[in-house]
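Protein chains: 2
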Amino acid sequence: MSEPTVFLASGFCRLRIDLSYDGTNYAGWAPQPDQRTIEGELTSAISKLAGVQVEPVVAGRTDAGVHATAQVMHVDVPKAADDIPNWVFRLNRILDPDIRILKVSAAADDFHARFSAVEREYQYRLADNNQIVLPLERYNTATWFRALDVDRLNEASSLLLGEHDFVAFCKFREDQKTVRTLKKFHWSRLDSGILTADVAANAFCYSMVRNLVGAAVAVGEGRFEKEWAQAILDNKERVSDSYVFPANGLTLVKVSY
Amino acid sequence: MSEPTVFLASGFCRLRIDLSYDGTNYAGWAPQPDQRTIEGELTSAISKLAGVQVEPVVAGRTDAGVHATAQVMHVDVPKAADDIPNWVFRLNRILDPDIRILKVSAAADDFHARFSAVEREYQYRLADNNQIVLPLERYNTATWFRALDVDRLNEASSLLLGEHDFVAFCKFREDQKTVRTLKKFHWSRLDSGILTADVAANAFCYSMVRNLVGAAVAVGEGRFEKEWAQAILDNKERVSDSYVFPANGLTLVKVSY
Chain A
3 MSEPTVFLAS GFCRLRIDLS YDGTNYAGWA PQPDQRTIEG ELTSAISKLA
53 GVQVEPVVAG RTDAGVHATA QVMHVDVPKA ADDIPNWVFR LNRILDPDIR
103 ILKVSAAADD FHARFSAVER EYQYRLADNN QIVLPLERYN TATWFRALDV
153 DRLNEASSLL LGEHDFVAFC KFREDQKTVR TLKKFHWSRL DSGILTADVA
203 ANAFCYSMVR NLVGAAVAVG EGRFEKEWAQ AILDNKERVS DSYVFPANGL
253 TLVKVSY
Chain B
3 MSEPTVFLAS GFCRLRIDLS YDGTNYAGWA PQPDQRTIEG ELTSAISKLA
53 GVQVEPVVAG RTDAGVHATA QVMHVDVPKA ADDIPNWVFR LNRILDPDIR
103 ILKVSAAADD FHARFSAVER EYQYRLADNN QIVLPLERYN TATWFRALDV
153 DRLNEASSLL LGEHDFVAFC KFREDQKTVR TLKKFHWSRL DSGILTADVA
203 ANAFCYSMVR NLVGAAVAVG EGRFEKEWAQ AILDNKERVS DSYVFPANGL
253 TLVKVSY
């Protein structure tokens, strides 16, 4: 991406923080007035240890209810900050157990959690055909009432691979880039009967994964032929036939640099 | 087992109900005054549909915080009860999402969820060596601070296989049988780093799985040699060196008839 790197202030060092969260009880990543957000909790916890107000930068901002097993952020803290090698332990003591810091490491001065990332990968978990979701899996599994055919899901999904303008699959946001390279969009059925979609791209625009899932499902359930998904892409217009799938099935599983 | 079968009353039919639950927010299976229990919730929901007060009988009573992916119960309801084929759907509408009915089926008159069961299997999930538990896995994964050696865990565990008096591994309960046949007690390390113990027996006495896990861990961490676990078994006395592992790591995964 061409956005300028944010330079490191003198006397500060840049930390890369790897973390995981259960998004169920958060209004998403980004701070919002009177709402509990993941960035809000992290900013408060890290600022306490750093002794200054920090401004986290994240690889992939996740929506309300979306989870992460491997999110990455960076944050600049005073070099003189106390006891950084023990911040994993200390931050996890401050944070609620639905956010866990996995690793805190020194990053290069020009490392940027968002702009240096070359690929993001998500997984979507879906119980189709009115399957009953086991209680222990209810937080990260969405449901759909119709039966889905894995081959049809994959046929529709593979048509969308490559570099395209994905504007038809993105919720509108000012100044949002919508040309993205979709590198992976593959469905499997687990032994338990749950469907998973593995979806990777250089970057995603707003609500893109959940729209892609919705388009694949419309083909997978037999409502449309796969050419319909191709047509959405080609027409570059949002279509109301495509259902945006719920946040709870979605997890950010990998960020590559 | 030699306990008498509970006979079916005239005008009633016996239903087998397969179910799953997240035990996190329950004070276990059995009803207790002023506590939310799994049997309590089920008795209330089924009685509502059956039009009479029912008395569920369960394959394996689970302690507070213990989960089940495949629990089995039976219940006797009036043959004239309304709309039994739709009870899966109707019960799941009444129950909170941390209990899910998977199947309701007609059972033979002499089917008994507890006495007809020939084997119960549990899985214990454990994050050793201060591994950080991913938030989405926190409800069914216990933690231990020391590193555990899978080979040592399995050496100790395999010594306990077979028919023995497991009194040393059971919390005291009046009239409890403690001679059990342990058929499986095997540890594996998942790719994620989490340890699992698969534990099967004809039946278990009170808190036996969590005691077996504690004894294996004492060997797996190098505190004792495997002969120590054998000695506990032979001495038939509860030992304070063996730690009873927490409920949240334990899940009932199979009942065989």
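Going down the list, the protein sequences come from chains A and B. Sequential numbering from 3 applies to the first sequence in our numbering. Sequential numbering from 3 applies to the second sequence in our numbering. We treat Cβ as the ideally placed atom computed from N, Cα and C, and that holds for glycine. As the structure is a computational prediction, the values presented were derived from the model and not from experiment.
#1: How long is the line joining the alpha carbons of L150/A and N27/B, rounded to whole angstroms?
#2: Specify, as a first and last residue, the run of the beta strand (DSSP E) that L51/B falls within.
#3: Quick check on F91/A: does DSSP put it in helix, strand or coil?
#4: Here's the rule I'm using: 16 or more other beta-carbon atoms within 10 Å means buried, otherwise exposed. How should R16/B be labelled?
#5: For V255/A, which residues of its own chain have a beta-carbon under 7 Å away from its beta-carbon, when the five flanking residues on both sides are left out?
#6: For I2/A, which residues in chain B fall below 8 Å Cβ to Cβ?
#7: Just verifying my parser: in three-state terms, what is the DSSP assignment at P6/B?
#8: According to DSSP, G216/B sits in a beta bridge with which residue or residues?
#9: By the DSSP assignment, the alpha helix (DSSP H) with S118/A in it spans what residues?
#10: If we call anything under 7 Å between Cβ atoms a contact, is K186/A one with Y208/A?
#11: Span of the alpha helix (DSSP H) holding A233/A?
#12: By the 10 Å Cβ neighbour count, where 16 or more other Cβ atoms means buried, how is Y23/B classified, buried or exposed?
#13: Pick helix, strand or coil for S160/A, following the three-state DSSP scheme.
#14: With distances taken between CB atoms, is the gap from L197/A to L128/A smaller than 7 Å?
#15: Where do the ends of the beta strand (DSSP E) carrying V56/B lie?
#16: Any beta-carbon of chain A closer than 7 Å to the one on T145/B?
#17: To be precise: take each residue of the region 102 to 130 of chain B, compare its Cβ to all Cβ atoms of chain A, and keep it if any distance is under 8 Å. Which residues remain?
#18: Please check if any C-beta of chain B sits within less than 7 Å of the C-beta of H76/A.
#19: Are any of the Cβ atoms in chain E nearer than 7 Å to that of D24/A?
#20: Within its chain, find whatever has a CB closer than 6 Å to the CB of L44/B; leave out the 5 residues flanking it on each side and keep chain order.
#21: Around the C-beta of S46/B, are 16 or more other C-beta atoms found within 10 angstroms, so that it is buried, or is it exposed?
#22: Mind checking which residues open and close the beta strand (DSSP E) that includes C15/A?
#23: Go through its chain and collect everything with a Cβ distance to K105/B's Cβ below 6 Å, but skip five positions before and after it.
#24: For I134/B, name the three-state secondary structure that DSSP assigns.
#25: Please specify which runs of the beta strand (DSSP E), each continuous and at least 3 residues long, are wholly inside the region 175 to 220 of chain B, giving them in chain order.
#26: How would you label K81/A, buried or exposed, when you count the other beta carbons within 10 angstroms and need 16 or more for buried?
#27: So that I know if they touch, is there some Cβ in chain B lying closer than 7 Å to that of D100/A?
#28: Just to confirm, is the Cβ distance from F147/A to N132/A under 7 Å?
#29: Please determine if the region 176 to 193 of chain A and the region 95 to 115 of chain A are in contact, where contact requires at least 3 C-beta pairs separated by less than 8 Å.
#30: Would you identify the three-state DSSP class for L104/A, choosing helix, strand or coil?
#31: Please state if the CB of A249/B and the CB of V60/B are separated by a distance shorter than 7 Å.
#32: Residues in the same chain with beta-carbon distance under 7 Å from V135/B, minus the five sequence neighbours each way, listed in chain order, please.
Answer, in terms of the structure:
#1: Those two C-alpha atoms are separated by around 33 Å.
#2: Careful: L51/B lies outside any beta strand (DSSP E), inside the alpha helix (DSSP H) at 40 to 52.
#3: helix
#4: Buried.
#5: T71, A72, E123, Y124, Q125
#6: Outside the modelled stretch of chain A, which goes from 3 to 259, sits residue 2/A, for which no answer is possible.
#7: With a pLDDT of 47 at P6/B, under the threshold of 50, the modelled position of that residue is not reliable, and the figure given next carries that caveat. Three-state DSSP puts P6/B in coil, outside helix and strand.
#8: Answer is none; G216/B lacks a bridge partner.
#9: Element bounds for S118/A: n/a, residue is neither H nor E.
#10: no
#11: 228 to 237
#12: Y23/B should be labelled buried.
#13: helix
#14: yes
#15: Looking at the DSSP string, V56/B is not in any beta strand (DSSP E), and its letter there is neither H nor E.
#16: no
#17: R102, I103, L104
#18: no
#19: The chain inventory of the structure shown lacks chain E, comprising the protein chains A and B.
#20: P58
#21: exposed
#22: Where C15/A is concerned, the enclosing beta strand (DSSP E) starts and stops at 14 to 23.
#23: D20
#24: Coil.
#25: 181 to 191, 197 to 203
#26: exposed
#27: yes
#28: yes
#29: no
#30: The three-state secondary structure of L104/A, taken from DSSP, is strand.
#31: no
#32: A129, T143, T145
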